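The opening residue of the sequence shown carries number 11 in the working numbering; numbering runs sequentially from there. As C-alpha cells, the structure follows; a few thoughts come after it.
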Amino acid sequence: MENGLISTIREAGRIILSAHDAEKSVEVKPGEANFVTYYDKAVQEFLFERLGALYPDFAFVGEEEGADDIARLTGGKAFVIDPIDGTTNFMRGFRHSSVSVALCEDGEVRLGAVLNPYTDELFYAEKDKGAVLIGRDSTRALHVSPRPLENGLVLFGTTPYYAETYDETFRILRKLFEASLDVRRIGSAALDLCMIADGRGEAFFEVCLSPWDYAAGNLIVSEAGGIVTRIDGTPVRLNEKGSILAASPDVLRQLRYLLDFQK
Ligand code: LIP
Numbered sequence: 011m012e013n014g015l016i017s018t019i020r021e022a023g024r025i026i027l028s029a030h031d032a033e034k035s036v037e038v039k040p041g042e043a044n045f046v047t048y049y050d051k052a053v054q055e056f057l058f059e060r061l062g063a064l065y066p067d068f069a070f071v072g073e074e075e076g077a078d079d080i081a082r083l084t085g086g087k088a089f090v091i092d093p094i095d096g097t098t099n100f101m102r103g104f105r106h107s108s109v110s111v112a113l114c115e116d117g118e119v120r121l122g123a124v125l126n127p128y129t130d131e132l133f134y135a136e137k138d139k140g141a142v143l144i145g146r147d148s149t150r151a152l153h154v155s156p157r158p159l160e161n162g163l164v165l166f167g168t169t170p171y172y173a174e175t176y177d178e179t180f181r182i183l184r185k186l187f188e189a190s191l192d193v194r195r196i197g198s199a200a201l202d203l204c205m206i207a208d209g210r211g212e213a214f215f216e217v218c219l220s221p222w223d224y225a226a227g228n229l230i231v232s233e234a235g236g237i238v239t240r241i242d243g244t245p246v247r248l249n250e251k252g253s254i255l256a257a258s259p260d261v262l263r264q265l266r267y268l269l270d271f272q273k
C-alpha cells in the first residue's frame, strides 16, 4: 500500500472538511451547471505539490486549470486527479463528495484511491491486488453485489454539463428504472463507482464523464470483481471523455440485453 499517497489524500480531505464557506469564489465553467470553487483549486494544487514531491517523474492531469493534458495518459507515468468530485454537492453542503486519485502507467490505471472525507471512507485498489475499504478503525475487502438487476439499485449521473446528452440519459434511465428495484442520483461519479465496488448498488451509468471522474473508480470496481465498459459495450480508454457503465458480470449481461435488444 502506498502509505505516503494515502496520508496525502487524507490531508486533502481535511481541506474539504475545513471549508465553512464552500461557495467562496465560485466560478462558472463552460457548459450547464459546471462550477469550480476556491477549494477545488486549493485541493488540486495541494495534491499536485505533495504528490509531485513523492513521485517526481510523474505528470499531473486534473480537472482544474494548471494540469497537464489528458493526452499524457496514453503513455509514461501520470496521475489523474479530481480534487473535489461532486463540486455542486460540496457547494450546497450535501456532504457527499470525494477526492479521486489514479496512478497510471503506459495508459493503464495501476492504483486507484477515492476518499469520502465526510464518512472517512477510503476506497483503494492496486492492479491485480484486489480492492479494499479503509475505514476509521478497520479495513475490509470490497466485492460487487451478487443481486440480480430486478432486486437492484441503479445509480446514475445526469451529465448536466452537456445538454445534448439529456435525452439519452433519461431514455436509458426509464428503461433501467422499470427493470430494477429503484434508481439513485447522488452526485459524485467516483463515489457512485465505489458504491458498486462495495455492493451497495448493482449498476451505475453516466453518458459523459472525464477521465478524472472515473479513472480511480473504474479500477476499484474491476478489482472488486465488477466490469466497466462504455454504454455501448466498448472498452474504456483512459485518454478520452465518454460514457461509463459499471456492474457485476451477471448484471452487465442483463444490461447488455436491455440496452442492445429491447428498444
Ligand atoms: C461531477 C460528477 C457527476 C457528474 C457531473 C460531474 P465534478 O464531477 O461527479 O457524477 O454528473 O457531470 O462530472 O465536476 O463535480 O468533479
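Cβ atoms here follow ideal geometry from the backbone N, Cα and C, with glycine treated the same way. If you're wondering where the values come from, they're calculated on a predicted model, not measured in any experiment.
- prompt: Looking at residue 170 and ligand 1, is the gap between the Cβ and the nearest heavy atom below 7 Å?
  reply: Correct: residue 170 has its Cβ closer than 7 Å to ligand 1.
field: residue 223: CB within 7 Å of a non-hydrogen atom of ligand 1
entry: yes
Strand pairing of residue 89, partner residues [DSSP]: 70, 113
- prompt: How many Å lie between residue 72 and residue 52 at the Cα?
  reply: Linking residue 72 to residue 52 through their CA atoms gives a straight-line distance of about 12 Å.
- prompt: Which value, in whole angstroms, describes the spacing of the CA atoms of residue 106 and residue 24?
  reply: 14 Å
- prompt: From 97, 185, 115, pick the residue whose C-alpha is nearest to that of residue 44; which is it?
  reply: 97
message: With a threshold of 8 Å, are at least 3 pairs of Cβ atoms found where one atom belongs to the stretch 173-187 and the other to the stretch 220-234?
response: no
query: Got a sec: does ligand 1 put a non-hydrogen atom nearer than 7 Å to the Cβ of residue 52?
result: no
field: Distance, residue 56 Cα to residue 37 Cα
entry: Approximately 19 Å, taken between the alpha carbons.
field: Start-to-end residues for the beta strand (DSSP E) that takes in residue 125
entry: 118-126
- prompt: Is residue 116 buried or exposed, if buried means 16 or more other CB atoms sit within 10 Å of its CB?
  reply: exposed
- request: Report yes if the CB atom of residue 110 is closer than 8 Å to the CB atom of residue 222, and no otherwise.
  value: yes
- prompt: Just to confirm, are residue 112 and residue 89 a CB contact at a threshold of 8 Å?
  reply: yes
Cβ contact check for the stretch 13-22 and the stretch 136-143: 3 or more pairs under 8 Å: no
message: Quick check: what's the CA-CA separation for residue 188 versus residue 75?
response: 41 Å
Environment of residue 152 [buried if 16+ CB atoms lie within 10 Å]: buried
- prompt: Is the closest heavy atom of ligand 1 to the C-beta of residue 297 under 7 Å?
  reply: Residue coverage of the chain in this structure runs from 11 to 273, which leaves residue 297 outside it and unanswerable.
query: How is residue 279 classed by DSSP in three states: helix, strand or coil?
result: Examination of residue 279 is not possible in this model, given that the chain is present from 11 through 273 alone.
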